[in-house]
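Here is the structure we will look at, set down as structure tokens.
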Amino acid sequence: MSNQIKSIRGMPALLPEELVKWQFVESKVKRVLQAYAFQEIRTPIVERTELFQRTIGQDTDVVAKEMYSFNDRKDQSLSLRPEATAGVIRAGIEHGLFYNQTQKLWSMGPMYRYERPQKGRYRQFHQINMEAFGYQGPQIDLEMILMTSRIWKALKVNAIELEINSLGTSTSRQAYRKVLVEYFSDHKSDLDEDSTKRLVSNPMRILDSKNPEMGNLISNAPNITDYLDTESEDHFATLTNSLEQHNISFQLNPRLVRGLDYYTKTVFEWTTDQLGSQATVCGGGRYDDLVKQLGGQDVCGVGCAIGFERLTELVEVLSKKEQNMQPKIYIVAVGDDTELHASLLAEKIRDTNEEYAVEINMDGGSFKQQFRKADKSGSELAIVIGEEEIQQGNLGFKPLMIDQEQTTIKEENLMQEINRFFTE
């Protein structure tokens, strides 16, 4: 039997080749966030379990089935974060970020849910989260959607569509809940086990069922938009009109309720048909009661999260320029005392220009063996050091990706020759 320890199922490593695209996407997203005056916040990946029970909802699949929870040595129940909003609000209340002021915050990092791994769905997954607090009207809902639309444009992602809905205020939902319970109670024999439980605890969650056998029953259910109060109707009408004025195409989806219980009024999702069943790339909405619910002031909020694994799947293969690859130099050193000279030379190059990535051969070997390693490294240029070169103050200068003979240069002219090579 092998003693090899493998990664936990659904928690893959991100390898250097994949991270080239990730870093490209991150840089584009951060640039857009800066254009909308968002500031970064970083929160722990571990929080008290109670935080998620109070915000996401006890009866949601996330809390009931999917969280990684454990007791610490003081017998406190802790959980790996399944989403970011709850932790951001907890930190905002704790540090007074919402006291008589507005905030635009973004965060990025891993989340954890115990789900069945498949393409686009992992147990450790990464999100970029955007949250805005203290903005009352629909203008901030609009800006959140415009900002995500700008991200898609920056990344040249076209196969993506916007779906929106309104869940109304708590008053609206109470009226809708009553009608929904009556409807599903009349069809109780058609409900699956999960939906039967939700009929009592949270009937709106039934609309989020992924069971295809309940598709017709759900599609014929009453629409929440028919039960919105005047405040919610006006808010949603202003938002949809504004989206039209900005030429943002959208589809009204009265069945869109999102998977977390804290949403109010606007909810939205950006979806694609390019990733199989994992269609949602970005989702969010308003949560006007959540800060107060966690013991803070009565501060409204709106936010969304982008699934990083799914977004990078939609980004095309990058050009060399888009990969932002550093010019790479490989130092070949053969002979006694050449390794130290190679190290001194590499530091001189780095001191002069940090844009150059320099790799030194450290395993010995003949010129032929070292040049083979230089080719495999992806370097564009080899600098060659031998005992004779050191004595004469010379260096070998060999382009690796073009058919050009090795030349000899004076060591004192090295940086001049390197700069010329990479700018031609």
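Letter by letter, the sequence shown follows residues 1 to 424 of my numbering.
Where is the CB? At the ideal position from N, CA and C, for every residue including glycine.
Since we're looking at a predicted model, the values are computed, not measured.
Secondary structure of isoleucine 5 (DSSP, three-state): coil. A Cβ-Cβ contact shorter than 7 Å links asparagine 165 with proline 254. Note on geometry: alpha-carbon atoms of histidine 126 and glutamine 406 lie some 46 Å from one another. Counting along the chain, no beta strand (DSSP E) covers valine 181; the unbroken alpha helix (DSSP H) around it starts and ends at 170-186. A check of alpha carbon separations from glutamate 309 across Ser379, Glu131, Cys282, Ala91 identifies Cys282 as the nearest.
Rounded to the nearest whole angstrom, the C-alpha separation of glycine 386 and glycine 87 is 58 Å. Scanning its chain for C-beta atoms nearer than 8 Å, with the 5 sequence neighbours on each side dropped, one finds around glycine 393 the residues Lys410, Glu411, Glu412, in chain order. Of the residues Ile93, Ala382, Gln53, Asn202, the one whose Cα lies closest to the Cα of glutamate 417 is Ala382. In the structure shown, the three-state DSSP call for histidine 126 is strand. Taking 3 residues as the minimum length, the beta strand (DSSP E) runs contained wholly in the region 357-382 are 357-360, in order along the chain. For the 7 Å CB-CB criterion, proline 222 and tyrosine 183 form a contact.
Just measuring C-alpha positions, the residue of Lys74, Trp152, Arg48, Arg9 sitting nearest valine 315 is Trp152. Per DSSP, asparagine 394 is one residue of the beta strand (DSSP E) stretching across 394-399.
Rounded to whole angstroms, the separation of the alpha carbons of threonine 60 and threonine 102 is 30 Å. Three or more beta-carbon pairs drawn from the region 325-340 and the region 355-363 are found closer than 8 Å, and the two stretches are therefore classed as touching.
Per the coordinates, the alpha-carbon of methionine 147 lies some 37 Å from the alpha-carbon of valine 181. Boundaries of the alpha helix (DSSP H) around threonine 338: 338-352. The region 93-109 makes contact with the region 287-305: 3 or more CB pairs, one atom from each, lie closer than 8 Å. If you compare the alpha carbons of Ser242, Arg113, Leu294, Thr225 with that of arginine 54, the shortest gap goes to Leu294. Using a Cβ distance threshold of 7 Å, aspartate 229 and threonine 266 do not count as a contacting pair.
In the DSSP assignment, phenylalanine 268 is bridged to Ile164, Gly284.
Residue range 215-219 is occupied by the alpha helix (DSSP H) that includes serine 219, with no beta strand (DSSP E) assigned at that position. With fewer than 16 other CB atoms across the displayed protein chains lying within 10 angstroms of its CB, arginine 116 is exposed. Contact between the region 129-145 and the region 230-242 is present, with at least three C-beta pairs closer than 8 Å.
Under the three-state reduction of DSSP output, serine 149 falls in the helix class. With a 10 Å radius around the Cβ and a threshold of 16 neighbouring Cβ atoms, isoleucine 402 comes out exposed. Secondary-structure assignment with DSSP links proline 110 through a beta bridge to His126.
If the five residues before and after arginine 48 are omitted, its C-beta is found closer than 8 Å to the C-beta atoms of Gln76, Ser77, Leu78, Ser79, all from its own chain and listed in chain order. Alanine 154 and arginine 31 have their C-alpha atoms spaced approximately 9 Å apart. Judged by beta-carbon spacing, asparagine 211 lies beyond the 7 Å limit of aspartate 226, meaning their Cβ atoms are not closer than that value. The alpha-carbon of glutamate 380 is positioned some 6 Å away from that of proline 399.
Bridge pairing for alanine 132: Lys104, Val302 [DSSP]. Separation of threonine 271 and glutamine 174 (C-alpha to C-alpha, rounded to the nearest whole angstrom) is 29 Å. For asparagine 241, the enclosing alpha helix (DSSP H) starts and ends at 230-245. For alanine 333, the three-state secondary structure derived from DSSP is strand. Between glycine 134 and valine 299, the CB-CB gap stays under 7 Å.
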